[in-house]
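In what follows, a single structure is set out as structure tokens and then discussed.
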Amino acid sequence: MSEGLGAHLVVSPGNGFRLDIELEIPPGRTAALLGPNGAGKSTAVAALAGILPLEAGHISLGGAVLDDPARDLFVPVERRRLGIVFQDYALFPHLSALDNVAFGLRGHGADRATARREAGRWLERLELGSLADRRPGDLSGGQAQRVALARALAVDPDLLLLDEPLAALDVTTRAQLRRVLAEHLAAHRGPRLLITHDPAEAFLLADTIHVIEEGRITQAGTADDIRRHPVTRYAADLAGINLMAGVATDGSLLLANGHRVAVADRSVHGATLATIHPRAIALYDAEPHGSPRNAWPTVVTALEQVGDRVRVQLGAPVPLTAEITPGAAAGLGLAPSVRVWIAIKASEIDLQPNPGTAPEGDPGPDLRPSA
Amino acid sequence: MTGRRRLNGLRRVPVPLLVLGAIGFILFALPLAGLLARTPWSRLWDLITSPMARDALRLSLLTSVAAAAVALLLGVPLAWLLARSEFPGKALVRGLVTLPMVLPPVVGGAALLFAFGRRGLLGESLYGATGLLLPFSIWGVIAANAFVATPFLVVTVEGALRNLDPRYEAAAASLGATRWRTFRRVTLPLIAPSLAAGTLLSWARALGEFGATITFAGNLPGRTQTLPLAVFVAMESDRDVAIALSLLLVAISLGVLLVLRNRWWGLR
Chain E
386 MSEGLGAHLV VSPGNGFRLD IELEIPPGRT AALLGPNGAG KSTAVAALAG ILPLEAGHIS
446 LGGAVLDDPA RDLFVPVERR RLGIVFQDYA LFPHLSALDN VAFGLRGHGA DRATARREAG
506 RWLERLELGS LADRRPGDLS GGQAQRVALA RALAVDPDLL LLDEPLAALD VTTRAQLRRV
566 LAEHLAAHRG PRLLITHDPA EAFLLADTIH VIEEGRITQA GTADDIRRHP VTRYAADLAG
626 INLMAGVATD GSLLLANGHR VAVADRSVHG ATLATIHPRA IALYDAEPHG SPRNAWPTVV
686 TALEQVGDRV RVQLGAPVPL TAEITPGAAA GLGLAPSVRV WIAIKASEID LQPNPGTAPE
746 GDPGPDLRPS A
Chain D
3 MTGRRRLNGL RRVPVPLLVL GAIGFILFAL PLAGLLARTP WSRLWDLITS PMARDALRLS
63 LLTSVAAAAV ALLLGVPLAW LLARSEFPGK ALVRGLVTLP MVLPPVVGGA ALLFAFGRRG
123 LLGESLYGAT GLLLPFSIWG VIAANAFVAT PFLVVTVEGA LRNLDPRYEA AAASLGATRW
183 RTFRRVTLPL IAPSLAAGTL LSWARALGEF GATITFAGNL PGRTQTLPLA VFVAMESDRD
243 VAIALSLLLV AISLGVLLVL RNRWWGLR
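Here the protein sequences come in this chain order: E and D.
In this text, residue positions in the first sequence follow this note's numbering: the first is 386, and each later residue adds one.
In this text, residue positions in the second sequence follow this note's numbering: the first is 3, and each later residue adds one.
Spelled out as structure tokens, the structure:
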């Protein structure tokens, strides 16, 4: 039996909805469960946590069986060693940050003094030492998120479960916290599962991505697999996200092909992954006014109607995917080999230190979907 | 300027609400005014410090607080079971638990007598085993008070438990806390305001209790005669005493309500 997580989750929580997914996560790896609202992500969390017993299938973690209805085995939630970062954190509002973190240590058998000392160390590690006495109501969203992360990590969990950990944060804080998360994910020895509806989050934090739709996994693979060969409409929509590798130095990102783009985020240095949402790329028929910092002429290589949008593939110098309205596409007279100008705000480029795992062995900027 | 005008527009009170609300207020204020108008102010202190009044006051405070404590001790588990667990006959249990809220207290008192009286369902064996007799004793007063007061706590706390975000308890369990530890360290603190409100409600109900007490525990001065019973008796003999005792009850209720209200709800 694997030492990581091996799970086949079959649950019907009601309303005719049925979850039936398989997950394999080796120790030290991060898997993302990526899907739209209502796809069954929360149900999967509840099943893994032991809040919702399985109807069929099994869950094994670290060589131990947690749930196996066929063999009538079920380990209740308080005896599974899990670190869960809940959506909106669910920090205990009546306890200080320190006591929130100490709570899990106490629950797993530490005496009061040890629990508080250990909790203090975790808060220090997440740069929250000065906020130890604050109640959750007096913390900012980013601080609360870090307390929640400390609380989950402090119990030294066999499985780290992150349920939409960044969804409640504003854009700036989200980018910062994503890096804090990446750092601590990497330090955790067990399997990690990230539940998210944000493809950028999944692409940047996870080694493998499981796309979940209507209770089933429709595709699993690396970020690159899914981007190159999306098998469903939803995955194809995700695939539009531009992902590029490069080297960041103080407000600029040097792409592997030698092209340099301006970025607003100055906190990332060295090997970097960047994501740009296709709707953040503006197209013009001539050099745009007001000189945006990232603007260059390029050529349309392909056009494709995706729902109510037109997806535009752009060629050299930086292959990118843009999405615009059909009206705008018609107004610009877009067609393959038409020359256009593009502009991208520096603040629309999301950066993340490149962990070196995903996307593996990629040559650099040419990461756009081949489809 | 326009902002202020709009605010005034929203604050304007519809005439029917104003009229009916005013009538409602008068309905509550007038009896109190009547009481104050008839109060024998010069003799007031002597009246409320008379032995009968002191005994009744002491007994009322003691038994109402004891009843509130019983309500808290037994009502919280009942509320938890009703809110959190599934068992056959749950609807029946909820109906029985809340029945005293709508039952005429006299009927409640009679029912208590048939259950706990010397020849009652449980009372006979209780008396045989321990020699303890609830009727016509201070224990009877407390039992009658708790009987009518506990439902108020159960209803309040059950509502709070149902409204509590289930993720807090899930988070506690995921952090290794047993159900009991979760209950003590997470559930109870989170519903503390409702616990306080429920306890206060049941205490107030117990303080004013009359029918069940007089039926089950009798009206023995110094032993089972609480303030409301003393008022009732005085109405027949000495109206001034009745008014003084009534005023005392009003003062206690109002004082406790105001103090605790500010303490518990003022900050929210």
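Quick reminder that beta carbons are idealized off the backbone N, C-alpha and C, glycines included.
* Asked: Below 8 Å, can you find three or more Cβ-Cβ pairs linking the stretch 139 to 153 of chain D to the stretch 205 to 219 of chain D?
  -> yes
* Tell me which same chain residues have a C-beta within less than 7 Å of the C-beta of histidine 569/E, skipping the five on either side of it? -> Leu534, Leu538
* Asked: Going by other Cβ atoms of all chains shown within 10 Å of its Cβ, with 16 needed for buried, is arginine 753/E buried or exposed?
  -> Only weak support exists for where arginine 753/E lies, its pLDDT of 38 falling under 50; the coordinates are left without a value.
* **Where the stretch 455 to 476 of chain E meets chain D: residues whose CB sits under 7 Å from a CB there** => Those residues of the stretch 455 to 476 of chain E that come within reach of chain D (Cβ to Cβ, closer than 7 Å) are Val462, Glu463, Leu467, Ile469, Phe471, Ala475.
* To do: Could you check the C-alpha separation between proline 738/E and valine 632/E for me, to the nearest Å?
  => 9 Å
* Which residues, in chain order, does the stretch 155 to 171 of chain D contribute to contact with chain E at a C-beta distance below 8 Å? -> Asp167, Arg169, Tyr170
* Count the other CB atoms, across all protein chains shown, that sit within 10 Å of the CB of proline 521/E; report buried if there are 16 or more and exposed otherwise. => buried
* Is there a Cβ from chain D that is less than 7 Å from the Cβ of glycine 447/E? -> no
* Return no unless some Cβ of chain E is closer than 7 Å to the Cβ of leucine 222/D. => no
* **Which listed residue (Ile594/E, Pro438/E, Asp583/E) has its alpha carbon closest to that of proline 398/E** => Pro438/E
* Asked: Applying the criterion that 16 or more other CB atoms from any shown protein chain within 10 Å of the CB defines a buried residue, is arginine 563/E buried or exposed?
  -> Taking a 10 Å sphere around the C-beta of arginine 563/E, we find 16 or more other C-beta atoms and assign the residue as buried.
* What residues from chain E crowd round valine 188/D, counting only those whose CB sits closer than 9 Å? -> Phe477, His479, Leu480, Phe488
* To do: Kindly indicate if chain D contains any beta-carbon less than 7 Å away from that of glycine 492/E.
  => yes
* To do: Could I get the ranges of all uninterrupted beta strand (DSSP E) runs contained in the stretch 435 to 460 of chain E, with 3 residues as the minimum, in chain order?
  => 441 to 446, 449 to 453
* To do: Find the residues of chain E that neighbour serine 176/D, judging by a C-beta separation of less than 7 Å, and give them in chain order.
  => Ala434, Val462, Leu467, Ile469
* **Neighbourhood of histidine 493/E by C-beta, 6 Å cutoff - its chain only, sequence neighbours within 5 removed** => Val540
* Is there at least one Cβ from chain E nearer than 7 Å to proline 191/D's Cβ? -> yes
* Asked: Do you know whose CA, among Pro584/E, Glu598/E, Glu599/E, lies nearest aspartate 592/E's CA?
  -> Measuring from the Cα of aspartate 592/E, the nearest candidate turns out to be Pro584/E.
* Asked: Are there three or more Cβ pairs, one per stretch, closer than 8 Å when the stretch 145 to 162 of chain D is compared with the stretch 75 to 88 of chain D?
  -> yes
* To do: For the beta strand (DSSP E) holding glutamate 126/D, just list the boundary residues, first then last.
  => Here glutamate 126/D belongs to no beta strand (DSSP E); instead the alpha helix (DSSP H) covers 125 to 132.
* To the nearest angstrom, report how far apart proline 333/D and threonine 184/D are at their CA atoms. => Chain D is shown only over 3 to 270; residue 333/D falls outside these bounds and no answer can be derived.
* State yes or no: is the C-beta of isoleucine 597/E within less than 7 Å of the C-beta of glycine 391/E? => no
* Which residues mark the beginning and the end of the alpha helix (DSSP H) in which aspartate 610/E is found? -> 608 to 613
* To do: For valine 540/E, return the contacting residues in chain D, with the cut-off set at a CB-CB distance below 7 Å.
  => Residues of chain D passing the Cβ test: Leu177, Gly178.
* Does the Cβ of phenylalanine 488/E have 16 or more other Cβ atoms within 10 Å, making it buried, or fewer, making it exposed? -> buried
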